[in-house]
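Notes follow the structure.
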Amino acid sequence: MTEYRLAILDDYQQVSGDYADWGSLGADVSVTVFSKPFASEADAVQALLAFDVVVAMRERTPFPRAVLAKLPRLKLLVTTGAANSAIDLAAAQDHGVTVCGTAGSPSAAPELTWALLMALARNVTAEENALRAGRWQHTVGFELAGKTLGIVGLGKIGHKVAGYAHAFGMNVLAWSQNLDEATATAAGVRRVDKDELFRESDVVTLHLRLSQRSQGTVGEAELRLLGPDGMLVNTARGPLVNQPALVRALEERWIRGAALDVYDQEPLPAGHPLLTAPNTLLTPHLGFVTHESYARFYGGALEDVKAWLAGAPVRQLTS
């Protein structure tokens, strides 16, 4: 007889079984895979009422206090990655839910950042679409060598991006509220204040964690400072940027363009103004979507479940 019910959420590519042997949990654990996002919190609650264990893929499905309070059977919540801003850890603790994380890839997000930056600089998407439509060379891109890259958030990802920029011969600036001179110097970048970073940079890339303090870090003032030749790249989190201000900046040409992998609402709904905004390169939150990341995510999630079943949880996350 099945003792535990386990739900694997938001397996968009339906590959969770390729990266972990869920059958190794034994006959006592019944596994259900959800491959589509829930339409609302109410839908999520209704679908998950009968589950004891949930494996969440990053922030694709939020678990605020209101949701956790309505899932009385839930005892273990595993998130892929070492942190998840969409899980209310204090509420989980209050409701007796153990939360565990996994390792992640140190390279996936920085590599995507650089791919988007280069593609935007050379108008790759626009030129490919034009070529397929029968046109030949209708834009002029720019080289990165000698340009200035501004990095907002010089953590692990920001450090890697700085290294890529140096390899391409770029000047690198960095800013965050807690960035100190020693950290900037060690990364080979110049620490500046936020206004100076946006004023002097040709390209600004965001690598902050999302929090109440960092939400809306980039708004109208920063976009206007970036200017008509400047580009914005965001592979971190959508709410770091004031989205209405960004749409207006693109439509009114305050900035040259934007490459985005993250959004306020995901998946990005049909008819969203960013889908028709000019000079944009948009990807569907692919920053962590690699074979290497998924092996760490799903493999680690399976380890978390087995450890919890054995009474010795690993990689626990607390508020």
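Okay, so the sequence shown: first residue is 3 according to my numbering, each after it adds one. All C-beta atoms in this analysis are idealised placements derived from N, C-alpha and C, irrespective of residue type, glycine included.
Report all residues from its chain with a CB closer than 6 angstroms to the CB of Leu-304; omit the five preceding and five following residues, and keep chain order.
Ala-22
Touching by the beta-carbon criterion (3+ pairs, under 8 angstroms), the region 145 to 162 and the region 102 to 112
yes
Confirm, please, whether the CB-CB distance from Leu-283 to Thr-150 is below 8 angstroms.
no
Please state whether DSSP places Met-59 in a helix, a strand or coil.
coil
DSSP state of Ile-159, grouped into three classes?
helix
Taking its Cβ as the centre, do 16 or more other Cβ atoms sit within 10 Å of Lys-38, making it buried, or is it exposed?
exposed
Taking 8 angstroms as the threshold (C-beta atoms), are Thr-278 and Thr-115 in contact?
no
If we count Cβ pairs, one from each stretch, closer than 8 angstroms, do we get three or more for the region 78 to 93 versus the region 62 to 70?
yes
What does DSSP give as the partner residue(s) for Ile-10 in the beta ladder?
Val-35, Val-57
Can you have a look at Ala-272 and say buried or exposed, based on whether 16 or more other CB atoms are within 10 angstroms of its CB?
exposed
Measure the Cβ-Cβ separation of Phe-200 and Leu-228 and say whether it is below 8 angstroms.
yes
Using CA coordinates, which residue listed in Ser-321, Thr-320, Leu-319, Val-307 is at the minimum distance from Gly-28?
Val-307
Any idea what DSSP makes of Trp-256, helix, strand or coil?
coil
May I ask which residues mark the beginning and end of the alpha helix (DSSP H) holding Met-120?
110 to 123
Compute the Euclidean distance between the alpha carbons of Ala-297 and Cys-102, then round it to the nearest angstrom.
17 angstroms
Tell me, please, which residues DSSP counts as bridged to Leu-403.
Because the chain is modelled from 3 through 321, residue 403 falls outside the range shown and cannot be assessed.
Between Phe-53 and Leu-76, which are expected to be in contact by the criterion C-beta below 8 angstroms, what is the C-beta distance as a whole number of angstroms?
6 angstroms
Please state whether the Cβ-Cβ distance between Val-249 and Pro-230 is less than 8 angstroms.
no
Just mark Trp-138 as buried or exposed, buried being the case when its beta carbon has 16 or more other beta carbons within 10 Å.
exposed
So, is Glu-213 buried or exposed, given that buried needs 16 or more other C-beta atoms within 10 angstroms?
Residue identity differs from the one stated: residue 213 is Ser in this sequence, not Glu. Exposed, because fewer than 16 other Cβ atoms sit within 10 Å of the Cβ of Ser-213.
Scan the region 238 to 320 and note each continuous beta strand (DSSP E) run of 3 residues or more that stays entirely inside, going in chain order.
259 to 262, 282 to 284
Residues near Asp-195 by beta carbon distance below 8 angstroms, same chain, minus five either side:
Trp-177
So Leu-175 is in the beta strand (DSSP E); what residue range does that whole segment cover?
173 to 177
Compare the Cα-Cα distances from Phe-36 to each of Ala-247, Asp-30, Val-17, Ala-44 and report the closest residue.
Val-17
Report the option in Thr-100, Ile-153, Gly-83 whose CA atom is closest to the CA atom of Leu-210.
Ile-153
Could you compute how far the alpha carbon of Tyr-6 sits from the alpha carbon of Tyr-300?
18 angstroms
So, at 8 angstroms on beta carbons, what are the nonlocal neighbours of Glu-43 in its own chain, with the 5 sequence-adjacent residues on each side left out?
Pro-64, Pro-66, Ala-68, Val-69
Can you tell me the Cα-Cα spacing of Thr-219 and Ser-32, whole angstroms?
43 angstroms
In whole angstroms, what is the alpha-carbon distance linking Val-56 and Ile-10?
6 angstroms
Scan the region 57 to 95 and note each continuous alpha helix (DSSP H) run of 4 residues or more that stays entirely inside, going in chain order.
67 to 70
Buried/exposed call for Asp-12, threshold 16 Cβ in 10 Å:
buried
Between the beta-carbon of Leu-133 and the beta-carbon of Ala-261, is there less than 8 angstroms?
no
Using C-beta distances below 7 angstroms, list every residue in its chain close to Arg-317, excluding the 5 sequence neighbours before and after it, in chain order.
Cys-102, Gly-103, Thr-104, Asp-306
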